[in-house]
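**Q** Dropping a structure here in structure tokens format, bear with me for questions.
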Amino acid sequence: MRRIAILLLLAVFCSCGQQPKEAMVETEVPVKYDMYVPSEMANLMNEMYNYKAELKQDILSGTMPTEFPNQFLKIHSAELSDFKDRTEAFEAMSKAFIEAEQRLYDSTSTQSLETRFNATVNLCISCHNMGCTGPIPRIQKLLIN
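By this note's numbering, the letter at position 107 of the sequence shown is numbered 109, and the numbering carries on one by one without gaps.
In structure tokens, the structure reads:
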């Protein structure tokens with residue numbers, strides 16, 4: 003009996019031994035970041051904003067603008083963001099903006115420089131009201147009060 007009990011205990015201890023575990027291989031999945039890449043039009047709009055911010059300061063200090071920024075003409079051809087289309091309304095607004103911008107540099111105009119400047123900024127706001135409203139608060143800061 004004693005031998006049977008010892009054999010049973012020995013069998014239990016042997017069966018309770020650790021089973022070898024399969025090695026877990028961790029494979030790293032590379033993380034792909036979807037980085038925002040601004041369109042040609044977004045870059046142009048940022049350039050326009052920066053130019054207009056500097057121009058506002060020049061006007062407030064009494065400096066008359068002298069040369070129309072030809073890079074603004076790219077508004078008619080710059081590639082839009084993927085989710086945007088070049089509509090007739092956009093084309094009309096961009097044409098009106100360029101005309102107003104050119105009037106800003108007309109030294110023979112009877113309108114004040116501040117009025118002409120604000121007209122260009124208001125055209126930006128009007129255009130953005132039609133589709134891309136995000137930058138409107140930023141653009142409104144350009145207005146000369």
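All residues carry an ideal CB built from backbone N, CA and C; glycine is no exception.
Please confirm whether Glu81 and Glu42 have their CB atoms less than 9 Å apart.
**A** Start at 1 with the first residue of the sequence shown, and residue 81 comes out as number 79. Start at 1 with the first residue of the sequence shown, and residue 42 comes out as number 40. Cβ distance < 9 Å, so Glu81 and Glu42 count as in contact.
**Q** Compare the beta carbon distance of Lys54 and His78 with 9 Å and say whether it is the shorter of the two.
**A** Here residue 54 corresponds to residue number 52 of the sequence shown, with the count starting at 1. Here residue 78 corresponds to residue number 76 of the sequence shown, with the count starting at 1. The answer is no: Cβ separation not under 9 Å.
**Q** Where does Arg105 fall in DSSP's three states?
**A** Residue 105 sits at position 103 when you count from the first residue of the sequence shown. Helix.
**Q** For Ser128, report the span of its alpha helix (DSSP H) as first-last.
**A** Taking the first residue of the sequence shown as 1, we reach residue 128 at position 126. Counting along the chain, the alpha helix (DSSP H) containing Ser128 begins and ends at 115–131.
**Q** Would Ile146 and Ile61 be called neighbours here (beta carbons separated by less than 9 Å)?
**A** Against the sequence shown, residue 146 aligns to sequence position 144. Against the sequence shown, residue 61 aligns to sequence position 59. It is a contact, given that the beta carbons lie within the stated cut-off.
**Q** Please state whether DSSP places Met3 in a helix, a strand or coil.
**A** Working through the sequence shown from its first residue, we reach residue 3 at position 1. Taken through DSSP and simplified to helix, strand or coil, Met3 comes out as coil.
**Q** Please work out which residues of its chain come closer than 6 Å, Cβ to Cβ, to Ala102, disregarding the five sequence neighbours upstream and downstream, and give them in chain order.
**A** As a position in the sequence shown, residue 102 is number 100, starting the count at 1. Same-chain partners within the cutoff: Ala121, Thr122, Leu125.
**Q** In its own chain, which residues sit with a C-beta less than 8 Å from the C-beta of Glu90, not counting the 5 before and 5 after it?
**A** Sequence index remark: in the sequence shown, residue 90 carries index 88 (1-based). Excluding residues within five positions, none has a Cβ falling inside 8 Å.
**Q** With a cut-off of 8 Å on the beta carbons, I'd call Phe70 and Tyr107 a contact; round off their distance for me.
**A** Here residue 70 corresponds to residue number 68 of the sequence shown, with the count starting at 1. Here residue 107 corresponds to residue number 105 of the sequence shown, with the count starting at 1. 5 Å between Cβ atoms; contact.
**Q** Do you know how far the Cα of Lys143 is from the Cα of Asn52?
**A** The residue labelled residue 52 in the question sits at position 50 within the sequence shown. The residue labelled residue 143 in the question sits at position 141 within the sequence shown. So the two alpha carbons sit approximately 12 Å from each other.
**Q** Mapping the DSSP letters down to three states, classify Asp84 as helix, strand or coil.
**A** The count along the sequence shown starts at 1 and reaches residue 84 at position 82. DSSP places Asp84 in coil when its eight states are reduced to three.
**Q** Answer with buried or exposed for Phe85, where buried requires no fewer than 16 other C-beta atoms within 10 angstroms of its C-beta.
**A** On the sequence shown, residue 85 is found 83 positions in, with the first residue counted as 1. It counts as exposed.
**Q** What residue does the alpha helix (DSSP H) around Pro139 start on, and which one ends it?
**A** On the sequence shown, position 137 is the one that residue 139 refers to. The continuous alpha helix (DSSP H) containing Pro139 extends over residues 138–142.
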